[in-house]
Amino acid sequence: MTEVGFAAFDADNHYYEATDAFIRHVDPRMHKRCMQWATIDGRERLLVAGRVNRFIPNPTFDPVARPGCLDDYFRGRIPAADMREAFGKLEPISAAYRNRDARIELMDAQGLQACFLFPTLGVGMEAALEHDVDALTAAFGGFNRWLADDWGFAYRDRIFAAGYLTLADPDWALDELDWLIANDVRVVNVRPSSVPDGAGGRRSLGHPAHEPVWQRLDEHGITVAMHSGDSGYGFVLEHWGVNSEFESFRYDALKSLLTYSPISDALASLLAEGVLSRHRNLRIATIETGSEWVWPFVKKLAKTYSQQRHSFEEDPLEVFRRQVWVSPYYEDDLNGLRGLIGADHMLFGSDFPHAEGLADPVSFVHDLDGFSDDEIELVMRANGLSLTERAAAATGA
Numbered sequence: 001m002t003e004v005g006f007a008a009f010d011a012d013n014h015y016y017e018a019t020d021a022f023i024r025h026v027d028p029r030m031h032k033r034c035m036q037w038a039t040i041d042g043r044e045r046l047l048v049a050g051r052v053n054r055f056i057p058n059p060t061f062d063p064v065a066r067p068g069c070l071d072d073y074f075r076g077r078i079p080a081a082d083m084r085e086a087f088g089k090l091e092p093i094s095a096a097y098r099n100r101d102a103r104i105e106l107m108d109a110q111g112l113q114a115c116f117l118f119p120t121l122g123v124g125m126e127a128a129l130e131h132d133v134d135a136l137t138a139a140f141g142g143f144n145r146w147l148a149d150d151w152g153f154a155y156r157d158r159i160f161a162a163g164y165l166t167l168a169d170p171d172w173a174l175d176e177l178d179w180l181i182a183n184d185v186r187v188v189n190v191r192p193s194s195v196p197d198g199a200g201g202r203r204s205l206g207h208p209a210h211e212p213v214w215q216r217l218d219e220h221g222i223t224v225a226m227h228s229g230d231s232g233y234g235f236v237l238e239h240w241g242v243n244s245e246f247e248s249f250r251y252d253a254l255k256s257l258l259t260y261s262p263i264s265d266a267l268a269s270l271l272a273e274g275v276l277s278r279h280r281n282l283r284i285a286t287i288e289t290g291s292e293w294v295w296p297f298v299k300k301l302a303k304t305y306s307q308q309r310h311s312f313e314e315d316p317l318e319v320f321r322r323q324v325w326v327s328p329y330y331e332d333d334l335n336g337l338r339g340l341i342g343a344d345h346m347l348f349g350s351d352f353p354h355a356e357g358l359a360d361p362v363s364f365v366h367d368l369d370g371f372s373d374d375e376i377e378l379v380m381r382a383n384g385l386s387l388t389e390r391a392a393a394a395t396g397a
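For the sequence shown, position 346 matches number 346 in my numbering, and the numbering has no gaps at all.
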């Protein structure tokens, strides 16, 4: 394992959900509208709203891909016409992917002091249920309680599992957030997308209906993570004649080259509609969205502000640099990102134990060529740790 001279903080660790994660605490009367398991042609398949869901090829996660087995592919070193071949041999699921004490032991061996912990399956489920808001809230209310059972939200002040918050029902979201806060949550995941309104329409993240939720997050200094997943951007793919069903690890050249950017659009809503200016204690962490989107987004912010200053309370680029932290991919232009947002707003994230992540999380440091020792410690440790603490300006925390 790589050593860096200090215990690191990984802003992008994952668990593999237990098979009852979306079932254990969901009212059985809602299972058919939410999640069920079925044996189809001899395979266990996940049904979401009564349909086979393909977001994850094998949502039992046993067997599962080896951590980091796609490293060379994502660095652009090898092509992969056959993704199954790129994955190589699968392996039995490790206890550390589902058991928090086993995970702590693994983190010790990896040189990690602490981590944010995110869903694997869960980041694709909101899109699958957004047509049925009651089912959506039932599923994620149950999911958060499973998460409290199996992982906790601040286990031993080392594993900070992200509670999942959907804004589809703002009243539910506020009540759920209060429950999460009472259970010591430090970070919540909000999908980088517009929000279904339950009546066939959609709301922006900055819609007034969501204001009480942003206010509560601000008051308690809770970090808001926006982790990649299915953001519901299938309409863009359909416009270009590409299959819009979100299936992890199925790649299409046109799909990879289209310029849709859910994370840019989500931040645009928070900035243009003044959410971050009104709530200066809000901290946004963009996770597993890389950083290539930052350059065009910063350029758009600067141009829009110069043309429409009357629309902004303050310079949105300054707000972005003040309240947004970015976890880049290891293969990104890390020196360039430092120049745009500063090392103090960059987060090391390994995506462990995913196939597209790093098998040795702390080896991320090898891609920080040209960073000073102080900057390396910011990226690899201090910045992330600071986001696990209730923000200093918080009241009532």
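Just so it is clear, CB atoms sit at the ideal spot from N, CA and C, and this is done for glycine as well. Since this is a predicted model, take the numbers as computed values, not measurements.
Contact under 7 Å by Cβ, A391 with N281: As a first step, residue 391 must be located in the sequence shown, where it is residue number 391. As a first step, residue 281 must be located in the sequence shown, where it is residue number 281. In contact: A391 and N281 (Cβ atoms closer than 7 Å).
Selection from L317, H131 and V365 that minimises the alpha carbon distance to G232: Locating residue 232 in the sequence shown gives position 232, where the first residue counts as 1. Selection L317, H131 and V365 evaluated against G232 yields H131 as nearest (Cα-Cα).
Which residues DSSP lists as bridging C34, in chain order: Residue 34 sits at position 34 when you count from the first residue of the sequence shown. Paired residue(s): none; C34 is not in a bridge.
Burial state of T286 (16 or more Cβ within 10 Å): Within the sequence shown, the letter at position 286 stands for residue 286. By the neighbour-count rule (16 or more Cβ atoms within 10 Å), T286 is buried.
Sequence-distant residues of its chain with Cβ nearer than 8 Å to V213 (five each side left out): Numbered from 1 along the sequence shown, position 213 holds the residue referred to as residue 213. Excluding positions up to five away in sequence, the list reads L165, L167, P170, A173, L174 and L177.
Inter-stretch contact (C-beta, 8 Å, three-pair minimum) for the region 360-371 and the region 2-14: yes
Every unbroken alpha helix (DSSP H) inside the region 66-134 [4 residues or more]: 71-74, 83-87, 100-110 and 125-129
Closer than 7 Å to chain B by CB, H25: Here chain B cannot be found, since the structure has a single protein chain.
Residues bridged to P196 (per DSSP): Here residue 196 is taken as the residue at index 196 of the sequence shown, counted from 1. According to DSSP, which records beta bridges pairwise, P196 is partnered with R202.
Option in R309, V52, G290 and A355 with minimal Cα separation from M346: Locating residue 346 in the sequence shown gives position 346, counting from the first residue. When only C-alpha atoms are compared, the closest one is G290.
Assigned exposure category for G142 - 16 Cβ within 10 Å defines buried: Position 142 of the sequence shown, counting from 1, holds the residue named residue 142. Classification for G142: buried.
Coarse secondary structure for F9, derived from DSSP in three states: The count along the sequence shown starts at 1 and reaches residue 9 at position 9. In the structure shown, F9 sits in a strand (DSSP, three-state: E or B).
Sequence-distant residues of the same chain with beta carbon closer than 8 Å to A148, five excluded per side: Taking the first residue of the sequence shown as 1, we reach residue 148 at position 148. Only N183 meet the Cβ criterion.
Beta-carbon proximity of G161 to W151, cut-off 7 Å: Against the sequence shown, residue 161 aligns to sequence position 161. Against the sequence shown, residue 151 aligns to sequence position 151. The sequence given here has Ala at residue 161, not Gly. Going by C-beta atoms, A161 is nearer than 7 Å to W151.
Whole alpha helix (DSSP H) elements within the region 355-384, 4-residue minimum: 373-377
Inter-residue Cα distance where the pair is S261 and I56: As a first step, residue 261 is located in the sequence shown; it is residue number 261 there, counting from the start. As a first step, residue 56 is located in the sequence shown; it is residue number 56 there, counting from the start. Cα to Cα, S261 sits roughly 21 Å from I56.
Sequence-distant residues of the same chain with beta carbon closer than 8 Å to E314, five excluded per side: Mapped onto the sequence shown, residue 314 falls at position 314. Hits under 8 Å: S277.
Where the alpha helix (DSSP H) through T289 begins and ends: What you label residue 289 is simply residue 289 of the sequence shown in a count that begins at 1. Segment: none, T289 is in no alpha helix (DSSP H) and carries neither H nor E.
Buried versus exposed call for T39 [16 or more other C-beta atoms within 10 Å across all chains shown]: Within the sequence shown, numbered from 1, the residue matching residue 39 stands at position 39. Result: exposed.
Pairwise C-alpha distance: I376 and L112: The residue you call residue 112 lines up with position 112 of the sequence shown. The residue you call residue 376 lines up with position 376 of the sequence shown. Using only the alpha carbons, I get a separation of about 15 Å.
Reference M226; option with closest CA among I263, E389 and S386: Against the sequence shown, residue 226 aligns to sequence position 226. Taking only the C-alpha atoms, the option nearest M226 is I263.
For E331, the first and last residue of its enclosing alpha helix (DSSP H): The sequence position of residue 331 within the sequence shown is 331, counting from 1. For E331, no alpha helix (DSSP H) encloses it, and the DSSP letter there is neither H nor E.
Assigned secondary structure, H14 (DSSP; H/G/I helix, E/B strand, else coil): Within the sequence shown, numbered from 1, the residue matching residue 14 stands at position 14. Three-state result, H14: strand.
Per-residue burial, H310 [other beta carbons within 10 Å of its own, 16 or more giving buried]: Indexing the sequence shown from 1 puts residue 310 at position 310. Under this definition H310 is an exposed residue.
Alpha-carbon to alpha-carbon, L117 and A154: Within the sequence shown, the letter at position 154 stands for residue 154. Within the sequence shown, the letter at position 117 stands for residue 117. For A154 and L117, the gap between their C-alpha atoms comes out near 10 Å.
Closest residue to L271 among W295, S204, D333 and E288 (Cα-Cα distance): As a working note, residue 271 is residue 271 in the sequence shown. Of the candidates W295, S204, D333 and E288, the one whose C-alpha sits nearest the C-alpha of L271 is S204.
Own chain partners of V365 with C-beta closer than 7 Å, once the 5 adjacent residues on each side are dropped: Sequence index remark: in the sequence shown, residue 365 carries index 365 (1-based). Cβ neighbours of V365 beyond the five flanking positions: T2, V4, I376 and M380.
Counted within 10 angstroms of its Cβ, other Cβ atoms place T395 as buried (16 or more) or exposed: The count along the sequence shown starts at 1 and reaches residue 395 at position 395. Residue placement at T395 is flagged as unreliable, the pLDDT there being 43, under the threshold of 50; a coordinate-derived value is accordingly withheld.
Beta strand (DSSP E) runs wholly inside the region 146-180, at least 3 long, in chain order: 159-161
Within 7 Å, strictly: CB atoms of C34 and A128: The residue you call residue 34 lines up with position 34 of the sequence shown. The residue you call residue 128 lines up with position 128 of the sequence shown. Contact: no.
Status (buried if at least 16 other CB within 10 Å, exposed otherwise) for Q308: Numbered from its first residue, the sequence shown carries residue 308 at position 308. Its Cβ having fewer than 16 others within 10 Å, Q308 is exposed.
Element boundaries [beta strand (DSSP E), containing T223]: Within the sequence shown, residue 223 is the residue found at index 223, counting from 1. Looking at the DSSP string, the run of the beta strand (DSSP E) that includes T223 is T223 to H227.
R84 burial status per 10 Å Cβ neighbour count (16 or more: buried): For the purposes of this step, residue 84 is identified with residue 84 of the sequence shown, where counting begins at 1. With fewer than 16 Cβ atoms within 10 Å of its Cβ, R84 is classed as exposed.
T39 (DSSP reduced to helix, strand or coil): As a first step, residue 39 must be located in the sequence shown, where it is residue number 39. Looking at T39 - three-state DSSP - the assignment turns out to be strand.
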